[in-house]
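Okay, so here's the structure we're looking at.
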Amino acid sequence: MERTDGAAAAPVDQDVLIVGAGISGIGMAAHLQKYSPGRSFTLVERRADLGGTWDLFRYPGIRSDSDMHTLGFVFEPWKHEKSIADGPAILDYLNQIVDERGIRERIRFNRKVVGADWDSATARWTATLEDENGATSTTTARWLYLGAGYYDYDSPFDANFTGRDDFQGQIIHPQFWPKDLDYTGKKVVVVGSGATAVTIVPAMTDPKNGPGAAHVTMLQRTPTWFAIRPAKDGFANFLRKILPEEMAYRITRFKNVKMQDIVFQKARNKPEKVRDFLTKQVKKTLGDRYDAEAFTPPYNPWEQRLCLVPDADFFEAIKRDKASVVTDHIERFDATGIQLKSGKHLDADIIVTATGLSLAVAGKIPVRVDGDLVDWSEHFYYKACMFSNVPNFSAVFGYLNASWTLRADIVAEYVCRVLNHMDATGTTVATPALADPASLTEENIFDFSSGYIQRSLHIMPKNADALPWRLNQNYIQDRVDMRSGAIEDGVLSFGNARAASAAKNEAPALEAAE
1379 MERTDGAAAA PVDQDVLIVG AGISGIGMAA HLQKYSPGRS FTLVERRADL
1429 GGTWDLFRYP GIRSDSDMHT LGFVFEPWKH EKSIADGPAI LDYLNQIVDE
1479 RGIRERIRFN RKVVGADWDS ATARWTATLE DENGATSTTT ARWLYLGAGY
1529 YDYDSPFDAN FTGRDDFQGQ IIHPQFWPKD LDYTGKKVVV VGSGATAVTI
1579 VPAMTDPKNG PGAAHVTMLQ RTPTWFAIRP AKDGFANFLR KILPEEMAYR
1629 ITRFKNVKMQ DIVFQKARNK PEKVRDFLTK QVKKTLGDRY DAEAFTPPYN
1679 PWEQRLCLVP DADFFEAIKR DKASVVTDHI ERFDATGIQL KSGKHLDADI
1729 IVTATGLSLA VAGKIPVRVD GDLVDWSEHF YYKACMFSNV PNFSAVFGYL
1779 NASWTLRADI VAEYVCRVLN HMDATGTTVA TPALADPASL TEENIFDFSS
1829 GYIQRSLHIM PKNADALPWR LNQNYIQDRV DMRSGAIEDG VLSFGNARAA
1879 SAAKNEAPAL EAAE
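For the working numbering, count along the sequence shown from 1 and bump the result up by 1378.
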């Protein structure tokens, strides 16, 4: 259905085009239905099914690294007994949401966005789509919402190990896990010590999953901080027995948000306290198997994300002699495994390179405003979801210190507020106007030492040292600001269609709405 907003605005195929049918995209669709029901929308998804990350990654044991009471949506209670959920359970949750709300019929699968162009003269975006056969088409929208996540789905990080071609076994990256991989009775080396590695190791050795690997060695260059917690949230499950589902969910969500914030602030203000607590947890679990070298990182907790270990499964695998941890550097791969710089050799039939992912900005989509290609590293974040001088555009980049969906929820809600304000004021364009970027003091908000963050700083949008020009890492503060803060804050400028030449040659402030 076409809709025309404002005298000069051209018709569009849908009001909002949502890119990606994962957590962020599905969340935005549900929020539009609830808060801006008069707006038409379409989701385009490059894959054949929904779920995003949870559909892409199929390695053994894939699970959430946050509790589902915060990784779940604010509008849909998580009803499973386990709060640390596996991939299939998360996909079930997402499928339930799109089916119960009629969102599935709004999704165009197997459509990759290969270009997005804003035209000020018509106040609309034109997105170029490519299907699985390479055929292209276009669709227009008033607002472009990117829910494509921040991973490069085509190219994970390649550590370029010397001698890779000499290895006579299988080398696998978790992002492209073979469906029919048989590791029964095999010697496996998992290179890496992050959340993926710590998930794969116990899953490949768990007797509940079958015979499993003969032995799995996690080879790490640098240890990681681990947080052990039960896979089931006893508090949440108790509340569900005595309270209505939604009320129990809200209380548990509030509790978990506060606990996450308390732990993060404690780690930043009194890191030695958190170090001692986490170390005692691991020591108690491993007993005489504890190795200080393997479990004492050279950085403080929350300088990188904590690695969640539900029910201590990773450590239980070590205690069963089915898994071990080696801290060393790789000299080279050879025919039978990995030669380490210490002189030791790790025999392997399978090597899993869980060495990290690559980040991508705006889903690697070439975005143009009036013909000019947007270089995201030259634009400032606005309200953690929009960008300086880019009209009618928003994207989701989740929290580094909390669950992804917490940001996705408040961003979707905020964008709905902006859209509703545009309806109320008879405007068709909203732009975070920044006439003088030099007036802002830049700050590296990504103060995490994680490799995937550090490798990508050069492509990331800019952050200022004060709101609203930053991607904040404080959910509690953001929630208040984005839910109740003024839409017309003197920065976000509203107007209508204008000539492209005028838009390029004048200051970013838009033509005022009459």
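Where is the CB? At the ideal position from N, CA and C, for every residue including glycine.
Cβ-based burial, glutamine 1392 [other Cβ within 10 Å; buried from 16] = By one-based count along the sequence shown, residue 1392 stands at place 14. So glutamine 1392 counts as buried.
Alpha carbon to alpha carbon, how far is glycine 1547 from lysine 1564?
-> Here residue 1547 corresponds to residue number 169 of the sequence shown, with the count starting at 1. Here residue 1564 corresponds to residue number 186 of the sequence shown, with the count starting at 1. In a straight line, the C-alpha of glycine 1547 is about 10 Å away from that of lysine 1564.
Only counting runs of 3 or more residues, tell me where the beta strand (DSSP E) segments fall wholly within the segment 1416-1480, in order along the chain.
-> 1419-1422
Helix, strand or coil for leucine 1656 per DSSP?
-> Position 278 of the sequence shown holds residue 1656. Helix at leucine 1656.
Can you check DSSP and say which residues form a bridge with threonine 1517?
-> The sequence position of residue 1517 within the sequence shown is 139, counting from 1. Bridge partners of threonine 1517: Ala1505.
Inspect the beta-carbon positions of tyrosine 1437 and isoleucine 1578 and report whether they are closer than 8 Å.
-> Here residue 1437 is taken as the residue at index 59 of the sequence shown, counted from 1. Here residue 1578 is taken as the residue at index 200 of the sequence shown, counted from 1. Yes, they are a contact pair.
Leucine 1524 and valine 1422: beta carbons closer than 8 Å?
-> In the sequence shown, the residue the question calls residue 1524 occupies position 146. In the sequence shown, the residue the question calls residue 1422 occupies position 44. Cβ atoms of leucine 1524 and valine 1422: not closer than 8 Å.
Short check: CB of alanine 1811 to CB of alanine 1499, under 8 Å?
-> Walking along the sequence shown from the start, residue 1811 turns up at place 433. Walking along the sequence shown from the start, residue 1499 turns up at place 121. No, the Cβ-Cβ distance between alanine 1811 and alanine 1499 is not below 8 Å.
Is valine 1768 helix, strand or coil when you go by DSSP?
-> Here the question's residue 1768 lines up with position 390 in the sequence shown. Coil at valine 1768, not helix or strand.
Sort Gly1873, Ile1854, Arg1441, Ile1475 by Cα distance to proline 1455 and report the nearest one.
-> Taking the sequence shown and counting its residues from 1, the one referred to as residue 1455 is at position 77. Checking every option, the nearest Cα to that of proline 1455 belongs to Ile1475.
Please check the pair alanine 1762 and arginine 1795, which I expect to be a contact at CB under 8 Å, by giving their CB distance rounded to whole angstroms.
-> Stepping through the sequence shown from its first residue, residue 1762 is reached at position 384. Stepping through the sequence shown from its first residue, residue 1795 is reached at position 417. 14 Å between Cβ atoms; not a contact.
Give a yes or no on whether the minimum CB-CB distance between threonine 1809 and chain D is below 8 Å.
-> The structure shown contains no chain D; it is built from a single protein chain.
Contacting residues, own chain, Cβ-Cβ under 8 Å from arginine 1417 (five flanking each side not counted) | Position 39 of the sequence shown, counted from the first residue, corresponds to residue 1417. These residues qualify, in order along the chain: Asp1393, Val1394, Leu1410, Leu1797.
Just how far apart, CA to CA, sit alanine 1501 and proline 1415?
-> Sequence index remark: in the sequence shown, residue 1501 carries index 123 (1-based). Sequence index remark: in the sequence shown, residue 1415 carries index 37 (1-based). Distance between the alpha carbons of alanine 1501 and proline 1415: 21 Å.
Helix, strand or coil at serine 1879 according to DSSP, with G and I counted as helix = Mapped onto the sequence shown, residue 1879 falls at position 501. Unreliable placement is indicated for serine 1879, whose pLDDT of 46 sits below 50; the coordinate value is still reported in the next sentence. Serine 1879 falls in the helix class under three-state DSSP.
Rounded to the nearest angstrom, how far is the Cβ of phenylalanine 1487 from that of alanine 1426, given a contact under 8 Å?
-> By one-based count along the sequence shown, residue 1487 stands at place 109. By one-based count along the sequence shown, residue 1426 stands at place 48. Going by Cβ atoms, the distance from phenylalanine 1487 to alanine 1426 rounds to 6 Å, so yes, they are a contact pair.
Taking three-plus beta-carbon pairs below 8 Å as touching, is the segment 1645-1662 in contact with the segment 1678-1692?
-> The segment 1645-1662 is in contact with the segment 1678-1692.
Skipping 5 residues on each side, what residues in its chain have a beta carbon closer than 7 Å to that of arginine 1599?
-> The count along the sequence shown starts at 1 and reaches residue 1599 at position 221. Excluding positions up to five away in sequence, the list reads His1707.
What span of residues does the alpha helix (DSSP H) with serine 1402 cover, start to end?
-> Numbered from 1 along the sequence shown, position 24 holds the residue referred to as residue 1402. Looking at the DSSP string, the run of the alpha helix (DSSP H) that includes serine 1402 is 1401-1413.
Start and end residues, alpha helix (DSSP H) containing valine 1796 | Locating residue 1796 in the sequence shown gives position 418, where the first residue counts as 1. Residues 1782-1803.
Thinking phenylalanine 1711 and phenylalanine 1539 are a contact (beta carbons under 8 Å), I'd like their distance in whole angstroms, please.
-> Within the sequence shown, the letter at position 333 stands for residue 1711. Within the sequence shown, the letter at position 161 stands for residue 1539. The pair is a contact, with the Cβ atoms about 5 Å apart (cut-off 8 Å).
Is it right to say threonine 1514 is buried, meaning 16 or more other beta carbons lie within 10 angstroms of its own, or is it exposed?
-> Taking the first residue of the sequence shown as 1, we reach residue 1514 at position 136. Exposed: under 16 other Cβ atoms inside 10 Å.
Looking only at its own chain, which residues have a Cβ that is under 6 Å from the Cβ of glycine 1403, when we skip the five neighbours before and after it?
-> What you label residue 1403 is simply residue 25 of the sequence shown in a count that begins at 1. Cβ neighbours of glycine 1403 beyond the five flanking positions: Ile1396, Leu1421, Gly1525.
Could you tell me which uninterrupted alpha helix (DSSP H) segments, each at least 4 residues in length, are contained entirely in the segment 1529-1590, listed from first to last along the chain?
-> Within the segment 1529-1590, the complete alpha helix (DSSP H) runs of at least 4 residues are 1573-1583.
N- and C-terminal bounds of the alpha helix (DSSP H) containing leucine 1597 = One-based indexing of the sequence shown puts residue 1597 at position 219. Careful: leucine 1597 lies outside any alpha helix (DSSP H), inside the beta strand (DSSP E) at 1593-1598.
With a Cβ-Cβ cutoff of 8 Å, do aspartate 1530 and lysine 1661 count as a contact?
-> On the sequence shown, residue 1530 is found 152 positions in, with the first residue counted as 1. On the sequence shown, residue 1661 is found 283 positions in, with the first residue counted as 1. Not a contact, by the Cβ cut-off of 8 Å.
Status (buried if at least 16 other CB within 10 Å, exposed otherwise) for asparagine 1883 = Looking up residue 1883 in the sequence shown gives position 505. Confidence in asparagine 1883 is poor, its pLDDT being 46 and thus under 50, which makes the residue's placement unreliable; the coordinate value appears in the next sentence. So asparagine 1883 ends up on the exposed side.
Between the segment 1666-1673 and the segment 1630-1637, do at least 3 Cβ pairs fall closer than 8 Å?
-> no
Rounded C-alpha distance that separates aspartate 1532 from leucine 1818 | Along the sequence shown, one-based indexing puts residue 1532 at 154. Along the sequence shown, one-based indexing puts residue 1818 at 440. Between aspartate 1532 and leucine 1818, the C-alpha separation is close to 35 Å.
Please state whether DSSP places phenylalanine 1616 in a helix, a strand or coil.
-> Along the sequence shown, one-based indexing puts residue 1616 at 238. It is helical.
Assign glutamine 1855 to buried or exposed, taking buried as 16 or more other Cβ atoms, counted over all protein chains shown, within 10 Å of its Cβ.
-> The sequence position of residue 1855 within the sequence shown is 477, counting from 1. The C-beta of glutamine 1855 has fewer than 16 other C-beta atoms within 10 Å across all chains shown, which makes the residue exposed.
Buried or exposed for threonine 1382, please, with buried defined as at least 16 other CB atoms from any protein chain shown within 10 angstroms of its CB.
-> Residue numbering aside, residue 1382 sits at position 4 when the sequence shown is read from its first letter. Because threonine 1382 carries a pLDDT of 37, less than 50, the predicted location of this residue cannot be relied on, and the following value inherits that uncertainty. Classification of threonine 1382: exposed, given that the 10 Å Cβ count is below 16.
Looking at C-alpha atoms only, which residue of Ala1609, Pro1589, Asp1801 is the closest neighbour of arginine 1520?
-> Residue mapping note: residue 1520 aligns to position 142 of the sequence shown, counting from 1. Between arginine 1520 and the set Ala1609, Pro1589, Asp1801, the nearest pair of CA atoms involves Asp1801.
Buried or exposed (CB count within 10 angstroms, at least 16 for buried), histidine 1757 | Taking the first residue of the sequence shown as position 1, residue 1757 is located at position 379. Label assigned to histidine 1757: buried.
Beta-carbon separation of arginine 1424 and arginine 1479 under 8 Å?
-> Counting from 1 along the sequence shown, the entry for residue 1424 is found at position 46. Counting from 1 along the sequence shown, the entry for residue 1479 is found at position 101. No, Cβ-Cβ distance for arginine 1424 and arginine 1479 is not below 8 Å.
Report all residues from its chain with a CB closer than 6 Å to the CB of proline 1552; omit the five preceding and five following residues, and keep chain order.
-> The count along the sequence shown starts at 1 and reaches residue 1552 at position 174. Cβ neighbours of proline 1552 beyond the five flanking positions: Tyr1437, Thr1574, Ala1732.
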